[in-house]
Structure formats: structure tokens, C-alpha cells
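Protein chains in written order, with numbering that gives the first Met the number 0: chain A, 0 to 83; chain B, 0 to 197. Note that the Cβ used here is the ideal one computed from N, Cα and C, for glycine as well. Report on the following structure.
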Amino acid sequence: MKDIACISGVELLMDYLEGVLPADLHAALEAHVAGCARCAAFVESYRATPRIMRDATAMTLPADIEASLRAFLRERTRAFRSRD
Amino acid sequence: MLSTTPDETLAARAAAGDDSAFEELVRRYQTRVFRLACRLTSDTDAPDVLQETFLQVYRHLPSFRGESQFGTWVYRIATNAALMHRRARARRPAESLDVFLPRFDANGKHAATPAELQVAACADERLDRQLLAEKARDVIAQLPDLYRDAFVLRDLEEMTTADVAEALGVDPATVRQRVHRARLMLRGYLSDLVGVKP
Chain A
0 MKDIACISGV ELLMDYLEGV LPADLHAALE AHVAGCARCA AFVESYRATP RIMRDATAMT
60 LPADIEASLR AFLRERTRAF RSRD
Chain B
0 MLSTTPDETL AARAAAGDDS AFEELVRRYQ TRVFRLACRL TSDTDAPDVL QETFLQVYRH
60 LPSFRGESQF GTWVYRIATN AALMHRRARA RRPAESLDVF LPRFDANGKH AATPAELQVA
120 ACADERLDRQ LLAEKARDVI AQLPDLYRDA FVLRDLEEMT TADVAEALGV DPATVRQRVH
180 RARLMLRGYL SDLVGVKP
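In C-alpha cells, the structure reads:
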């Protein structure tokens, strides 16, 4: 089986997680991560990053912006229809 | 009951002039579109993008053929509106985030220890929630645009890679490469935030 170094393993991570790596590379990367504590730790933090950023940037629609949207759409859709 | 009516049925009714159907569609997607707009532009610009998106949706409802899901179609319109809006703004020079990329020794082995490499996974437990929210918004805005767009759509909005590729007009491999670069930078940034060199 092909040997993989940490640096090349990192470059393959996204394709690995998306399941688009060729089978031999997929197996080689899995074998490397299984035997490399550094890569196992790296993969854990790499996988957690989207969730942390997603949760941190989650938000609700403020009531004043929702009200402005409603008023805007009422006015503009009416104007749009009256052109027809 | 409008609240249980499928999007596509509401879209057909709205296209035929049913205002309550259009209002229901707006209600369903307004928060998601606003959140996308904040992530692709800024809190200041997001309200304009929100308005522009639903105006475009309204105008183009008659041409919606149901070839994609209604939500995907709305997201595509919102993405285009956000990108157009951002292009019209002078871009502030972004600070390079390359400093947060992982480091390797001469043999291609991670330079950091396992504990140091893992720490970013716990950033949300170690940092104040409000501080993390502010820092996350700031650093996403600092990503190079190509990486930001792919990361926001794929990882934050959780669109499929194929849908992101279609929305951005690139192939899926390019999306994966851009998302990967963004993840590497942001992972390192989170590590740095909790005081550990990536």
C-alpha cells in the first residue's frame, strides 16, 4: 500500500471526507491516520471547524428588518403588477 | 393550510397572482436568505440583499419550472444578489490568512503536537460565545472571496457540493479545493484564538 506523509494526507482530506478519492488513496490515507496521532487530532479539528463556524454565525431575522422587507415587497410588487 | 402546502404549489399560485402564497414563501425562506446574505456580504448590506432577492424571486416566479427544488432556486438567486452587491462595494484589502495554515517539518510531518492539533475542535467550549460570534464573522469576511463563497455555501449553508458548483459556475472539484483551503485557514484561526499556534 502506498505510504502517505502528513503533508500529503492533509491535501487529500476534503476529497477523502466527500468520498471521491480513488480506493487505493482512500485506504492509504485511512491507514496513515489510524497510525498517526497527529493526523487523527488534525482530522478531528478539521471536521469540527465547519460546525463551529456555522453555529457561531447562526442568526435570526431581526423584527425591524422583517417589517422593512414586508413594506418593500408590498410597494414593489404592487408597482410591478401595475406595469403589466 | 398554506403552512403545509409544498413550495412548488405555492410558487405556481404566487406566479398566478396569489399574494398570500408569495407571502408564505417569503416567510419560509426569509431567515435563511438573510443569514446567507450576512455571511456573504455584511450585516449592513444583508437587508438590501434580502429585499433584492425576494423582488427577483417575485419577478421570475413565472419562469420557475420546477427543474430544481424551489429552495435551491431561491438560494441561487440570493447568492447572485449577494455577489452582485459585494462587487459593487469597494473591497477592503484582506489580511492574508496563510499564517493559519498547518505547519510541517522537513519530513512532511505535522510540526505541532496532537494536543495542539486537536485544540481547535474545542474552540466553542473554550471561548466566550459572543466573542466567538464576532471573530467568526470577521474572519469569514477576511477569507479570499473565492474561498469564502464556496465555504459559506457548502459548509455554513450546507448545500451539496454539486449545488454549490452550479451556483458558482465552477466544477465540483474546484468547490472542494476552495472549501478545503478555507477549512484549513479557519481551523488554524480557531486554534490561534484559543492561544495555540496552528
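Asked                                                                                                                   : Found
Amino acids of chain A, ordered along the chain, whose beta-carbon sits closer than 8 Å to that of B:Val178             : Met13
Contact list for A:Leu60 against chain B, beta-carbon separation under 7 Å                                              : Gln29, Thr30, Phe33
The region 21-30 of chain B in contact with the region 119-129 of chain B per 3-pair CB rule at 8 Å                     : no
Bridge-paired residues (DSSP) for B:Phe21                                                                               : DSSP output for B:Phe21 lists no bridge partner at all.
Under 8 Å from the C-beta of A:Ser44: neighbouring residues of chain B                                                  : Leu116, Gln117, Val118, Ala119, Ala120, Arg186, Leu189, Ser190
Selection from B:Ala135, B:Thr78, B:Arg153 that minimises the alpha carbon distance to B:Gly187                         : B:Ala135
DSSP three-state assignment for B:Phe63, whether helix, strand or coil                                                  : coil
9 Å Cβ cutoff, B:Pro143 in contact with chain A                                                                         : no
4-residue-minimum alpha helix (DSSP H) runs that sit fully inside the region 67-146 of chain B, ordered along the chain : 69-86, 113-117, 122-125, 128-141
Members of the region 13-32 of chain A near chain B, C-beta cut-off 7 Å                                                 : Met13, Asp14, Glu17
Three or more C-beta pairs below 8 Å linking the region 43-53 of chain B and the region 98-106 of chain B               : no
Within 9 Å, strictly: CB atoms of A:Thr56 and B:Ala132                                                                  : yes
Span of the alpha helix (DSSP H) around A:Val19                                                                         : Here A:Val19 belongs to no alpha helix (DSSP H), and DSSP marks it neither H nor E.
is_contact[B:Leu155, chain A] using C-beta, thresh 9 Å                                                                  : yes
7 Å Cβ cut-off: residues of chain B touching A:Asp54                                                                    : Asp123
Whether B:Ile76 touches B:Gln50 by CB criterion (9 Å)                                                                   : no
From B:Asp127, B:Thr173, B:Arg180, B:Arg12, residue whose alpha carbon lies closest to that of B:Pro61                  : B:Arg12
Where A:Cys35 falls: helix, strand or coil (DSSP)                                                                       : coil
Chain A residues whose Cβ lies nearer than 9 Å to that of B:Tyr146                                                      : Ordered by position in chain A, no residue passes the 9 Å Cβ test against B:Tyr146, which lies about 12 Å from the chain.
Unbroken alpha helix (DSSP H) run spanning B:Gly187, endpoints                                                          : 171-192
Chain A contact for B:Lys196 (CB, 9 Å cutoff)                                                                           : no
Neighbouring residues, chain B, relative to A:Glu74 (Cβ below 9 Å)                                                      : Residues of chain B passing the Cβ test: none, with the nearest at roughly 10 Å.
B:Leu220: first and last residue of the uninterrupted alpha helix (DSSP H) it sits in                                   : Nothing about residue 220 of chain B can be read from this structure; chain B reaches only from 0 to 197.
4-residue-minimum alpha helix (DSSP H) runs that sit fully inside the region 36-71 of chain A, ordered along the chain  : 36-55
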